[in-house]
Amino acid sequence: MPRKQRTGLSRLLPYAAERKGQVALIALLAALSAAAPVAGWLLVEDATNNGIREADEHRLLLAVLAYIGVNAAAWVLGTLTWLGLASVGQRIVLELRRDLFHHLTSLSLRYFSQQKAGWIISRLNSDVDALSDVLNQGLTTLVVNTLTLLAAVGGLFLLDWRLGLVALCILPPGIVVTRWFQRVSHAAAADVRTRIAIVTAQLAESVAGMAVIQAFNRERAFQQEFDGLNEENRLANVHVQKIYSVFFPAIELLGAIATAAVLFAGAHFIGASAMEIGTLIAAVGLLALVFQPLQELSELYGQVQAASAAMDKISSVLDAEIDVADKPSARPLGRIDGALELDGVTFAYGKEPVLHEIDISVPAGGCIALVGESGGGKSTTAKLIARFYDPDEGAVRVDGTDLRDVELVGYRRQLGVVLQDPFLFSGTIADNIRFAKPDASDEEVRATAAAVGVDRVAARLDHGLEHVVREGGAGLSAGERQLISIARALLADPRILILDEATSNIDRPTEIVIEKAFDRLLAGRTSIIIAHRLATVRRADEILVLEHGRIVQRGTERELMGQDGPFRRLAHQLVEDTLPAAQATSRGT
Numbered sequence: 006m007p008r009k010q011r012t013g014l015s016r017l018l019p020y021a022a023e024r025k026g027q028v029a030l031i032a033l034l035a036a037l038s039a040a041a042p043v044a045g046w047l048l049v050e051d052a053t054n055n056g057i058r059e060a061d062e063h064r065l066l067l068a069v070l071a072y073i074g075v076n077a078a079a080w081v082l083g084t085l086t087w088l089g090l091a092s093v094g095q096r097i098v099l100e101l102r103r104d105l106f107h108h109l110t111s112l113s114l115r116y117f118s119q120q121k122a123g124w125i126i127s128r129l130n131s132d133v134d135a136l137s138d139v140l141n142q143g144l145t146t147l148v149v150n151t152l153t154l155l156a157a158v159g160g161l162f163l164l165d166w167r168l169g170l171v172a173l174c175i176l177p178p179g180i181v182v183t184r185w186f187q188r189v190s191h192a193a194a195a196d197v198r199t200r201i202a203i204v205t206a207q208l209a210e211s212v213a214g215m216a217v218i219q220a221f222n223r224e225r226a227f228q229q230e231f232d233g234l235n236e237e238n239r240l241a242n243v244h245v246q247k248i249y250s251v252f253f254p255a256i257e258l259l260g261a262i263a264t265a266a267v268l269f270a271g272a273h274f275i276g277a278s279a280m281e282i283g284t285l286i287a288a289v290g291l292l293a294l295v296f297q298p299l300q301e302l303s304e305l306y307g308q309v310q311a312a313s314a315a316m317d318k319i320s321s322v323l324d325a326e327i328d329v330a331d332k333p334s335a336r337p338l339g340r341i342d343g344a345l346e347l348d349g350v351t352f353a354y355g356k357e358p359v360l361h362e363i364d365i366s367v368p369a370g371g372c373i374a375l376v377g378e379s380g381g382g383k384s385t386t387a388k389l390i391a392r393f394y395d396p397d398e399g400a401v402r403v404d405g406t407d408l409r410d411v412e413l414v415g416y417r418r419q420l421g422v423v424l425q426d427p428f429l430f431s432g433t434i435a436d437n438i439r440f441a442k443p444d445a446s447d448e449e450v451r452a453t454a455a456a457v458g459v460d461r462v463a464a465r466l467d468h469g470l471e472h473v474v475r476e477g478g479a480g481l482s483a484g485e486r487q488l489i490s491i492a493r494a495l496l497a498d499p500r501i502l503i504l505d506e507a508t509s510n511i512d513r514p515t516e517i518v519i520e521k522a523f524d525r526l527l528a529g530r531t532s533i534i535i536a537h538r539l540a541t542v543r544r545a546d547e548i549l550v551l552e553h554g555r556i557v558q559r560g561t562e563r564e565l566m567g568q569d570g571p572f573r574r575l576a577h578q579l580v581e582d583t584l585p586a587a588q589a590t591s592r593g594t
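The opening residue of the sequence shown carries number 6 in this note's numbering; numbering runs sequentially from there.
Following this line, the structure appears as C-alpha cells:
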C-alpha cells in the first residue's frame, strides 16, 4: 500500500527532522523561557504573603532579587529561542524553495503546457513568502506562547486548584468559537491564495503579450479584466478580515469573563479566610499569562491558515508526477554515433493520439526533413526525439538503444536544438553562446561566433560580444537572435541536432546568412529539420511528409516532386509564398 503523503504544514516536518539536535536545544530553551514568568508570579505570591504581610524584609528582599533574576533569565532565554527558531525557519524556507525549483526543472514540458507561467511563479514567490512569514516570526510566537500557555495553566492549578477550575469556565465556549474559526478561516485563506495566483498569472500574461495587446488596441479590455480580478482578490481578503473581526474580540471577551470569575471567587475565598491576598494577585497575573499568549496564538492562527493554504498549493507542484525520468536501471551514455530510429511510435497529449505508428530511421550523420501542414505532428516528433516526452507506444532509439534505458542527462548533453523563436537569457551575447557549454573559453566563444556570423552582429554593437542582451533578446532582430542560438548549438558540439522551423520568421537576406551557418552546424551530425522553406529542406537526405500524425510520403526532393502528392502541392505553395517576399526585398534594396 503506498505511503500516504503529508498534507498542509505537516509537509514541513521532514525539513525540521533533519535538525533534531538544534530543534531539541531550542525546545529546551523555549520551555525554560516559558516557565520563567510563571515562576515570577509564584515569587510575587511569596513576597506578598510571606514578605509584606509578615513584615519580613529579608524574605521580601530575597523574593524581589529572585524575581529580577528570573525575568533577566527569561529575557536571555527568549532572545536565544527567537534567534534559534528564526534560523531554523529560514533554513526550511531556503530548502523548500530549492526543492520546489528543482522539482519544477525536472517536470516534462507537458506540465508547463498545462499551467500558466504566472500560476507557477505565484507558487515560488507569494506562497513561499507566506510560509516564510510564519516560519520567521510565527514559529517563534507559536512555540513560546504555546509553552507559556501550558506553563501558566499548570502554575495556576499549582497555585490554587479551585481558581484553576473557575478559570476553565470559559473552556466550552472557547472550543466552540475556535472550531468555527478553524472551519471557515481555512476555506477563506485557500480562496485568498487562489485569487492571488490568478492575479499573478494575469499580470505575467499581460506583460509577456504587451506588444500584441497594444497592437490590437486591447489595453482597456485587459485593464477591465485585471480590475475585475483585483476586486475579487479584495473581496476575498475582506471576507477573511470579517472572520477575524468576530473571532479575536470573542477570545478577548472570554478572557475578561474568566478574569472576572476568578476575582469573584477569590474575593469569596479571602472573605472566608480560605485564601490569602497574595494568592489571588498571583492568580490574576497567571491568568493574564494564559490569555495574553492565547490572544497572540489566535492572531497567529489566521497567518497559519494562510500558510497552510499556501503549502497546499506548493504541494500540488511538489506532487506533480515526473513523467520523463530515468529508470532505476538506467545506465550512463557514452559518446554516441547518432544513428536514430523511431519504431512504431504513437503518442497523445490527451486522449486522442497526435502521432500514429511513426517509423523513421536516420543513419549516423544523416539528415531528414519533416514537412507538412501545421498540426501534422512535426514538432511533436522532434520533442520525442529530444525526449521531452516518452512515446505511449513504440520506442525511440539511438545507436540501437531505447532512450528510456539510458540516463537522460548523458543524452541531452549530446543533443542540440534550434527553435523557431529562440530564447535568449539576460546577460551578454557571449554568455548566451556559452550557455550550452559553461566551461568554454573566450577563444572558443569567439571562434564559434565567427563561424556562424555572430561576429558581424556583434561588430555593430558598442561592446561586441559583451553587449548585454535584454530579457528574451529584446533589441535584437529575429535573425540576430537565431544566429546566436545557432552559435550556442554549435559550441555544444551535439551529435544529434534538431532544427524546428529555424528560418520561418526570417527574411530572405537573413535566411541566406543563416543557411550558410547551417552548413557549418549540420556537418557530420545527425540532423532533423522541420521547415517550410525549400532551401532548408533540400539539404536533407530524405524528406518525410506528415499529415494528421502519419507519414504519408517519404523520399528525396526529386522523387517527391515527381509524384502528384502533398509534397508537390506544398512545394508549389512555398514557391508562391516566397516569390512575393523576394520581389519585395528586391524592390526595397
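Just so you know, even glycine gets a beta-carbon here, dropped at the ideal spot from N, CA and C.
Residue nearest to residue i in terms of C-alpha spacing, selected from the options
i	options	result
residue 38	179, 76, 112 and 28	76
residue 403	397, 144, 394 and 416	416
residue 356	393, 302, 472 and 397	397
residue 338	390, 380, 413 and 389	413
residue 279	168, 290, 342 and 542	168
residue 459	442, 437, 441 and 479	437
residue 149	189, 235 and 33	33
residue 15	221, 120 and 316	316
residue 96	17, 41, 211 and 228	17
residue 545	571, 504 and 378	504
residue 597	559, 422 and 269	Past the boundaries of the shown model lies residue 597; the chain is included only from 6 to 594, so the question cannot be answered.
residue 573	137, 221, 480 and 542	542
Integer-rounded CB distance, given that residue j should sit under 8 Å from residue i
i	j	result
residue 401	residue 360	About 11 Å separates the two Cβ atoms, so there is no contact after all.
residue 288	residue 49	Residue 288 to residue 49, Cβ: 10 Å. No contact.
residue 198	residue 318	5 Å
residue 78	residue 65	With a Cβ gap of about 20 Å, residue 78 and residue 65 do not count as contacting.
residue 470	residue 451	7 Å
residue 313	residue 191	7 Å
residue 233	residue 43	So it is not a contact: roughly 53 Å between Cβ atoms.
residue 135	residue 311	5 Å
7 Å Cβ shell around residue i - same chain, five flanking residues per side excluded
i	result
residue 237	200
residue 524	none
residue 244	193
residue 19	none
residue 327	111 and 112
residue 454	438, 460, 463, 470 and 492
residue 589	Low confidence applies here, because residue 589 scores a pLDDT of 42, under 50, leaving its location unreliable; read the following figure in that light. The answer is none, since no qualifying residue turns up.
residue 116	325
residue 331	412 and 413
residue 28	21 and 93
residue 368	344
For residue i, the three-state DSSP class (helix, strand or coil)
i	result
residue 379	coil
residue 353	strand
residue 558	strand
residue 599	Since the displayed the chain opens at 6 and closes at 594, residue 599 lies outside it and no answer follows.
residue 107	helix
residue 338	coil
residue 395	coil
residue 498	coil
residue 63	helix
residue 244	helix
residue 402	strand
residue 358	strand
residue 345	strand
residue 277	coil
residue 89	helix
residue 384	helix
residue 547	strand
Proximal residues to residue i (C-beta, below 8 Å), its chain only, five neighbours per side dropped
i	result
residue 205	123, 124, 126, 127, 130 and 131
residue 472	433, 434, 463 and 466
Nonlocal neighbours in the same chain, by C-beta distance under 6 Å from residue i, ignoring five residues either side
i	result
residue 616	Any answer about residue 616 is impossible in this case: the structure gives the chain only from 6 up to 594.
residue 9	Only weak support is given to the placement of residue 9: the predicted model assigns it a pLDDT of 48, under 50, and the question is left unresolved by the model.
residue 421	494, 497, 499 and 502
Burial state of residue i (16 or more Cβ within 10 Å)
i	result
residue 177	exposed
residue 561	exposed
residue 25	exposed
residue 7	Confidence at residue 7 is low in this model, with a pLDDT of 39, below 50, so the placement of that residue should be treated as unreliable; the coordinate-derived value is given next. Flag for residue 7 reads exposed.
residue 349	exposed
residue 224	exposed
residue 567	exposed
residue 221	exposed
residue 428	exposed
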